[in-house]
Each structure stands twice: as C-alpha cells, then as structure tokens.
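Novice:
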Amino acid sequence: MIPLEQAQDFVLGSCGPLAPVELPIAQCLSAVAAEDVHAGEPVPPFDNSAMDGFALRHEDTTDAPVDLALVGTVAAGSSRQEPIGPKEAVRIMTGAPIPPGADAVVMVENSESVLAQDGTEMVRILLPAAAADHIRRAGSDLARGEMVMRQGTVLTPAHLGVMASVGKASLKVFPSPRVGVLSTGDELVRPGVPLSYGQIRDSNRVALLASVKASGFEPVDLGSAPDDPIAIESALAGATELCDAVITSGGVSVGDFDHTKVVLDRLGGGSVRWMQVAIKPAKPFAFGLISNVPVFALPGNPVSSLVSFECFARPALRQMAGYSDLWRQRALAIADEDLPRKSDGKLHFARVTAEMGEDGTYHIRSAGGQSSHQLGSMAGSNALALVPDGNGIRSGERVKVWLLRCGS
Ligand code: AMP
Ligand code: MG
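If you read the sequence shown in our numbering, its first letter stands for residue 2, the second for the next number, and so on.
1. With DSSP as the reference, identify every bridge partner of His39, one or two as the case may be.
2. Mind checking if Cys312 is an interface residue toward chain D, Cβ cutoff 8 Å exclusive?
3. Buried or exposed for Pro316, going by 16 or more other Cβ atoms inside 10 Å?
4. Between Ser306 and Phe286, is the Cβ-Cβ spacing less than 8 Å?
5. By a C-beta neighbour count over all protein chains shown, 10 Å radius and 16 as the cutoff for buried, is Phe313 buried or exposed?
6. Taking DSSP as the reference, what is the three-state secondary structure of Lys401?
7. Of all the beta strand (DSSP E) runs that stay within the bounds of the segment 73-148, which reach a length of 3 or more residues?
8. Ordered along the chain, which non-local residues of its own chain (more than five positions away) have a Cβ less than 7 Å from that of Arg406?
9. Taking contact to mean 3 or more Cβ pairs, one atom from each stretch, closer than 8 Å, check whether the segment 151-168 and the segment 264-282 are in contact.
10. Once the 5 residues before and after Val67 are set aside, which same chain residues still bring their CB inside 6 Å of it?
11. Give the DSSP-derived three-state secondary structure of Thr1 in the structure shown.
12. Within 10 angstroms of the Cβ of Val174, are there 16 or more other Cβ atoms? Answer buried if so, exposed if not.
13. Taking 8 Å as the limit between beta carbons, can you name the residues of its chain near Thr63, skipping five residues before and five after?
14. In the DSSP output, which residue or residues are listed as bridge partners for Glu242?
15. Does the ligand AMP have a heavy atom nearer than 7 Å to the CB of Val253?
16. Can you tell which of Asn293, Arg58, Ala65, Glu188 has its C-alpha closest to the C-alpha of Pro84?
17. Taking the alpha-carbon positions, what's the Pro98 to Ala76 distance?
18. Around the Cβ of Ile231, are there at least 16 other Cβ atoms within 10 angstroms (buried) or fewer (exposed)?
19. For Ala70, tell me which candidate among Gly102, Leu30, Phe47, Val115 has the shortest Cα-Cα distance.
20. Terminal residues of the continuous beta strand (DSSP E) containing Gly377?
21. Just reading off the alpha helix (DSSP H) that Ala208 is part of, what are its end residues?
22. Taking a contact to mean a Cβ-Cβ separation below 8 Å, would you say Leu223 touches Ala279 in this structure?
23. Is the distance from the Cβ of Ile365 to the Cβ of Ala334 below 8 Å?
24. Is any non-hydrogen atom of the ligand MG found closer than 7 Å to the C-beta of Phe313, if you look at the structure I gave you?
25. To the nearest angstrom, how far is it from the Cα of Lys262 to the Cα of Val221?
26. Which parts of the segment 321-369 are runs of the beta strand (DSSP E), unbroken and 3 residues or longer, counting only runs that do not cross its ends?
27. Is there contact here, the segment 339-347 with the segment 378-396, by at least three beta-carbon pairs under 8 Å?
28. What beta strand (DSSP E) runs, 3 residues minimum, are completely inside the segment 145-201?
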C-alpha cells in the first residue's frame, strides 16, 4: 500500500492546466483568469455626482442660507458641458457629469425651491458646502492602467462587474474540463428498467456525473460498458478524443473480470499506475494518460468511487481548470460521539454530519453504516472525517474533516 499523499502527488504531477481560451466575460463566472487585467479606462470615466441635488461653487455657499440662480438640469447620461458661473447652480442627478465650474454638490435635502422677484426659479442652499462634497472623481475607483486582477484569480460576480466597468469584453481563462464518466460491469442496469436477479442499478454514473457538475466542470455521459475488454477499449478510445479527462468506475480490483485494468495498461502504455492506496474506502485506484488525456480508474463500490473522486479526480480536475487551491475546505472538528475503527494500516474516511456549534467549532457525528456499499450514509453526510490508523476517535476528541457540503 502507498500513502494517500504519494498517490495524489503522482496524479497531480500529470494533470497540468488546460490551454487558456478567450471567453466573453459573462461566461467566465468561477473560472480562473489566465491573464492579468489592467483598467483600459478610468472608473468612473468622468467626475460625477454621488447625490441628487445641486452642483455649484462651494465658495458661493459660505454665507448660507443663500439663493442661487438655477441655470439647468443634468441627468445621468447627459452630455451637457456648459460651465456654471458665480451664484449659479444646476439641478443634478446621481451619476450625472459635474458641469465645468462647479466644485461641490449639495443634496436636495439641504435646499429649498424659491422664486426670484421676476418669477424665475432659484434654489436656496441652506448649509455651507465644502469643496468636493458629493463628487465622485474620475478614476477614483480605478485609474487608467491600474491592475484590476491578477492571473490566477477565481472569478466572482464582482470580478465580472469590475471587468465590465473597465470595458473589458472578453478574458483569457482556463477552460472548465470536459469530463467523461464511464461505468463498467455486466451487472449494471440503469434506473427505470426492471432488475433481473443478479443485476444492480448503475448508481455510480449518475453520482459521478453529478460530482463533476457540482465541482464546476462539464460532465459527459459515456454510458456503461459490459465486462468485455473490447467494449471497454472502444469506449475509452472514443472518450479520450471527446474529453479532457475520463473517469471510470469498476473493474480495478483483483477479480477475474476486472478488465478496466488490462485495457488501461494496453492503451496507456507505461503511463498507467495501479495503486493500492492506504485508505478505506477506495483502496484500489489506477491512473494514467491515454493520448495525453488523464484517466481516473475508480473502484466500483459506490462509496469508494465517490471518496476516490474526492481524493484524486476533484483536485486534479481543479488543477486542470487553473485553480491553485485544489482542496475542499478543511477543519478540525470535535467528535460528539465515538468513531470506532480497527487498526489496519489505512486512513479511514468516515461519513459524518458536521454542524457548526455555538463555540464556533464544527461538531461531528457518524452519518450511519460505514461499509463501502452503503451509499445511504454518504447521502446523509456532509463531511468526511479523516480517522487515522488506530482504534478510532473518542467522543470529545478532535479530528480532521473535509467539508463537502457545509454552508449554502
Ligand atoms: P468492481 O470494482 O467492478 O469489482 O465492483 C465492486 C462493487 O461495486 C461490485 O459490488 C459492483 O457490483 C459494484 N459496482 C460496480 N460498478 C457500479 C456502478 N456503476 N454502480 C453501482 N455499483 C457498482
Ligand atoms: Mg466490476
């Protein structure tokens, strides 16, 4: 058996980032930027008002209350560029350009409408204004040429907004890998079709396709192949033309019909490595490159396949998608009950429920049966506890967890 970290290092060493592509910014959410971005335009592009109110010269308001002549209105989007003179004001809306000559904005709340002797409209400014009051200067958010974000940034909605604000329409990003998922096994029947004796449902395919999607990648359903080397070979050969990575489940143990192993060895040349990883579940695992496409051969037991996905496929796919942080959120949690196990030289992944306590620490409990075919407890869990070799964790002790679905 080899330690988990050694197997992970082997996999990660063969899964470099995909070649960047240029995408419209609206398609870049959650992708990783493959280039630095600088502001091509200042933001805001011109001095503008932060308030609905009156643009004026602040020195005219020193002796407030004062009445100023109202010489116009500027709304957001207005291209009015006439200057204002002494003792004049312009009605201005939030986001409208500050007229030349004005150096402050007084909010509507600090003004009154008045009429001059000749009936023309004036504005009474009730309080003195200071220079620059309520003016948003051009470039005060981002100056032209300023660094907006670095290569490697994981793009949030706010990053897309910032790019739109500086006029950047498209961006070089690492593409999301297209990931094929293939089940293998003569016993597999898809949901919706009656089961004959000896058959089981193909649950791995839907769960692995969903795991790919939930991790932000593009799932490709490759169906299910019988335990026949020719069928598996043709499915894998086709898949590597279509996909950036392939995940198979089943056929990697030491049974007489574990053909995935044989076919992978043939197609992958010397690149494929068969591993017995010192973890439970998910001990058997194979990985290699077929035509330069990473192939993850996961064990068939339903929980094993999902734990193997978490240990190997997910971090490797994240690396292909350009992420530098490859891992699930990790925490040190307090066990609220015993998590017993027997010593066997392996790290055990226990399916647990983790809940944030009032003490600000995650507390965990077992999510149920821990055998590798008991998928129900996987569905009932939101975290994996890493129970080290030994006799298990006692109630009240701390244990490392990977948080799979905590928070919203
Ligand atoms: P294998 O690794 O092919 O020996 O499979 C180990 C166990 O997992 C066997 O009990 C299989 O029937 C089961 N298994 C394999 N593939 C799937 C699948 N796609 N869905 C559900 N169970 C599976
Ligand atoms: Mg099988």
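Heads up, the beta-carbon is just placed ideally off N, CA and C, and yes, glycines get one too.
Here the structure is a predicted model, which is why all the values come from computation and not from measurement.
Specialist: With the given structure in hand:
1. DSSP lists Met148 as the bridge partner or partners of His39.
2. The chain labelled as chain D is not found in the depicted structure, where only one protein chain is given.
3. Label assigned to Pro316: buried.
4. Remark: C-beta atoms of Ser306 and Phe286 do not approach each other more closely than 8 Å.
5. By the neighbour-count rule (16 or more Cβ atoms within 10 Å), Phe313 is buried.
6. Here DSSP, grouped into helix, strand and coil, assigns Lys401 to strand.
7. The segment 73-148 contains these whole beta strand (DSSP E) runs: 89-93, 105-108, 112-116, 122-126.
8. Cβ within range, chain order: Asn383.
9. The segment 151-168 vs the segment 264-282: no contact.
10. Within the same chain, Val67 has close Cβ partners Ile126.
11. This structure leaves residue 1 out entirely; the chain is present only between 2 and 409.
12. Counting Cβ neighbours within 10 Å, Val174 comes out buried, since at least 16 surround it.
13. Apart from the 5 residues on each side of it in sequence, Thr63 sits with its Cβ closer than 8 Å to the Cβ of Pro129 in its chain, given in chain order.
14. Beta-bridge partners of Glu242 (DSSP): none assigned.
15. Relative to the ligand AMP, Val253 has its C-beta within less than 7 Å of a heavy atom.
16. If we check each option's Cα against that of Pro84, Arg58 comes out closest.
17. The C-alpha of Pro98 lies about 8 Å from the C-alpha of Ala76.
18. Within 10 angstroms of the beta-carbon of Ile231 lie fewer than 16 other beta-carbons, which makes it exposed.
19. It is Val115.
20. From DSSP, Gly377 is part of no beta strand (DSSP E) but of the alpha helix (DSSP H) over 376-380.
21. It spans 204-215 - the alpha helix (DSSP H) in which Ala208 sits, taken as one unbroken run.
22. The answer is no: Cβ separation not under 8 Å.
23. Taking a C-beta distance under 8 Å as the contact criterion, Ile365 and Ala334 qualify as a contact pair.
24. The answer is no for Phe313.
25. If you take the alpha carbons of Lys262 and Val221, they lie about 22 Å apart.
26. With a minimum length of 3 residues, the continuous beta strand (DSSP E) runs that stay inside the segment 321-369 are 330-336, 348-357, 363-367.
27. Touching, yes, given that three or more Cβ pairs across the two stretches are closer than 8 Å.
28. With a minimum length of 3 residues, the unbroken runs of beta strand (DSSP E) contained wholly in the segment 145-201 fall at 148-150, 171-175, 179-185.
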